[in-house]
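Student: Quick one: this structure, given as structure tokens, is what I'll be asking you about.
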Amino acid sequence: MFRQALVVLLMCFMCVGCSGEPKTEVPDSAEPETVEPETGMPDAAKKEQGAKPSAATEPKPVDYEANPIVMTARQWKDHKNELDYKTEHLKGRTIQITGEVSDLGINFGYYDEKKPATALDLYLPKDENTVNDVSCEFFGPPVWRSVGPGQKVTVEFKYSGDFSARPVDCKIVSVEGKPFPAVQASELAAEFAKDSAAVDKKYIHKPENSDSDFDIERKSLGIAGKVKEVNKSDSGSVTILFETGQDVTVEAEMFAHIADKVKLPAAGDEYRVWGTYQSSGNQGFGGKSLGVSDAVPFPVK
83 MFRQALVVLL MCFMCVGCSG EPKTEVPDSA EPETVEPETG MPDAAKKEQG AKPSAATEPK
143 PVDYEANPIV MTARQWKDHK NELDYKTEHL KGRTIQITGE VSDLGINFGY YDEKKPATAL
203 DLYLPKDENT VNDVSCEFFG PPVWRSVGPG QKVTVEFKYS GDFSARPVDC KIVSVEGKPF
263 PAVQASELAA EFAKDSAAVD KKYIHKPENS DSDFDIERKS LGIAGKVKEV NKSDSGSVTI
323 LFETGQDVTV EAEMFAHIAD KVKLPAAGDE YRVWGTYQSS GNQGFGGKSL GVSDAVPFPV
383 K
């Protein structure tokens with residue numbers, strides 16, 4: 083009896099699932115997408131910065147103070163350390179900090195991958211035996227479109243009072259200077275072929291008091307050169323290989339949600355990216371390959 087009832091119930095579900103009109107997918111736009119040649123950014127992506135989000139996804143506007151607390155990135159970290167994490171008196175205040183861009187973070191796992199947050203790390207002198215810079219998190223249009231490594235940036239955020247959490251809902255107030263020049267892929271390959279350990283040391287910071295290979299900080303690096311080939315995985319992520327003239331591979335790995343927003347190069351194109359330094363030797367794989375992960379197009383300045 084129970085089995086008969088179960089069969090009837092399953093048939094009911096199947097009938098419900100089969101009812102209704104078939105869905106028709108409608109493209110967002112029938113117009114072909116045009117691309118800005120300078121940045122390789124689709125016009126649609128540029129318009130995204132000024133586009134109004136839907137009511138369902140529109141974030142609450144942040145009420146920044148007219149007169150924020152102003153300090154450098156170094157002062158911000160020192161101030162919190164001196165207070166031994168007791169920063170309740172700063173809760174709800176608008177903080178404005180200035181520092182040099184040292185790194186970029188994207189695709190944090192606990193966010194919607196289609197609308198990832200972006201984090202800019204502001205450089206701190208590596209004299210305190212730590213790998214922690216000041217990291218500011220942004221929502222909305224990706225900041226990598228206009229900011230590059232080495233630039234001086236001023237950001238504002240409303241402090242939540244939680245020291246363990248990075249500053250969120252940040253906004254850029256100003257950007258000064260030019261990004262660090264991108265390194266030519268051929269020069270990087272030649273340097274790596276000569277002394278890979280020296281190259282790793284240049285772009286990787288490890289605290290003197292740490293014995294762990296995981297307690298390291300990889301610096302940002304810009305790479306430029308002629309593209310050898312572009313490979314796209316089934317998941318949509320992209321690997322760009324540069325010509326080096328050496329028995330060394332220089333590549334840039336780009337997340338799918340970034341690759342979908344930019345014009346990808348073709349073999350023979352000159353291209354510039356920046357991202358987080360990686361090398362096969364430092365990861366324990368041996369071999370002769372290096373490059374950047376979390377790659378994004380290098381900003382035009």
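Residue numbers (the numbering used here): 83 to 383. From the three backbone atoms N, C-alpha and C, an ideal C-beta is built for every residue, glycine too. Since the model is a prediction, treat every value here as computed from it, not as a measurement.
Are the beta-carbon atoms of GLU333 and GLY373 separated by less than 7 Å?
Tutor: Walking along the sequence shown from the start, residue 333 turns up at place 251. Walking along the sequence shown from the start, residue 373 turns up at place 291. Contact flag set, yes.
Student: Taking just the CA atoms, how far does GLY230 sit from GLY357?
Tutor: Locating residue 357 in the sequence shown gives position 275, where the first residue counts as 1. Locating residue 230 in the sequence shown gives position 148, where the first residue counts as 1. Rounded to the nearest angstrom, the two C-alpha atoms are 10 Å apart.
Student: Exposed or buried, GLY307, counting other C-beta atoms within 10 Å across all chains shown (16 or more means buried)?
Tutor: Working through the sequence shown from its first residue, we reach residue 307 at position 225. Its Cβ being crowded by 16 or more others within 10 Å, GLY307 is buried.
Student: Can you tell which of ASP160, ALA349, ILE286 has its C-alpha closest to the C-alpha of SER184?
Tutor: As a first step, residue 184 must be located in the sequence shown, where it is residue number 102. Nearest C-alpha to SER184: ILE286.
Student: Out of GLU182, LEU346, VAL312, which has the shortest C-alpha to C-alpha gap to GLU258?
Tutor: Locating residue 258 in the sequence shown gives position 176, where the first residue counts as 1. Considering only alpha carbons, the answer is GLU182.
Student: Are THR236 and VAL255 closer than 7 Å when you measure CB to CB?
Tutor: In the sequence shown, counting from the first residue as 1, residue 236 sits at position 154. In the sequence shown, counting from the first residue as 1, residue 255 sits at position 173. For THR236 and VAL255, yes; Cβs fall inside 7 Å.
Student: Between which two residues does the alpha helix (DSSP H) containing PHE41 stretch?
Tutor: Not covered by the structure: residue 41. The range shown for the chain is 83 to 383.
Student: Which one of ASP342, GLU352, VAL216, ASP376 has the shortest CA to CA distance from GLN157?
Tutor: Translated into the one-based positions of the sequence shown, residue 157 becomes position 75. When only C-alpha atoms are compared, the closest one is VAL216.
Student: Since PRO379 sits in a beta bridge, which residues does DSSP pair it with?
Tutor: Here residue 379 refers to the residue found at position 297 when the sequence shown is read from its first residue. Partner(s): VAL355.
Student: Since ILE254 is in the beta strand (DSSP E), which residue starts that stretch and which ends it?
Tutor: To locate residue 254, count along the sequence shown from 1; it is residue 172. Here the beta strand (DSSP E) through ILE254 covers 253 to 258.
Student: Could you pull out every residue in the same chain whose Cβ sits closer than 6 Å to the Cβ of SER242, ignoring the five residues on either side in sequence?
Tutor: Taking the first residue of the sequence shown as position 1, residue 242 is located at position 160. There are no such residues.
Student: For PRO379, which option in LYS283, ARG227, ALA275, THR331 has the closest C-alpha, if you only look at C-alpha atoms?
Tutor: In the sequence shown, counting from the first residue as 1, residue 379 sits at position 297. Comparing Cα positions, the closest option is ARG227.
Student: Would you kindly work out how many angstroms separate the C-alpha atoms of VAL309 and LYS283, rounded to a whole number?
Tutor: Reading the sequence shown from its first residue, position 227 is the one you call residue 309. Reading the sequence shown from its first residue, position 201 is the one you call residue 283. Each residue's Cα considered, the two are about 26 Å apart.
Student: Spatial neighbours of SER317 within its chain, please: CB distance less than 8 Å, with the 5 preceding and 5 following residues excluded, ordered by chain position.
Tutor: Position 235 of the sequence shown holds residue 317. Around SER317: ALA338.
Student: Flag this pair as yes or no: are the beta carbons of GLN178 and GLU238 separated by less than 7 Å?
Tutor: Within the sequence shown, numbered from 1, the residue matching residue 178 stands at position 96. Within the sequence shown, numbered from 1, the residue matching residue 238 stands at position 156. Closer than 7 Å, so yes.
Student: Taking the alpha-carbon positions, what's the LYS260 to GLN233 distance?
Tutor: Against the sequence shown, residue 260 aligns to sequence position 178. Against the sequence shown, residue 233 aligns to sequence position 151. The alpha-carbon atoms of LYS260 and GLN233 are separated by roughly 6 Å.
Student: Just reading off the beta strand (DSSP E) that ALA306 is part of, what are its end residues?
Tutor: If you number the sequence shown from 1, residue 306 lands on position 224. Counting along the chain, the beta strand (DSSP E) containing ALA306 begins and ends at 302 to 314.
Student: What whole-angstrom Cβ distance do LEU303 and TYR359 have, given they're in contact under 8 Å?
Tutor: As a position in the sequence shown, residue 303 is number 221, starting the count at 1. As a position in the sequence shown, residue 359 is number 277, starting the count at 1. Their Cβ separation, rounded to whole angstroms, is 5 Å, which keeps LEU303 and TYR359 in contact under 8 Å.
Student: Looking only at C-alpha atoms, which of ARG300, LEU186, THR180 sits nearest to VAL152?
Tutor: The residue given as residue 152 occupies position 70 in the sequence shown. It is THR180 whose Cα lies nearest to the Cα of VAL152.
Student: For GLN328, which three-state DSSP category applies?
Tutor: Counting from one through the sequence shown, the residue named residue 328 turns up at place 246. If DSSP states are grouped into helix, strand and coil, GLN328 belongs with coil.
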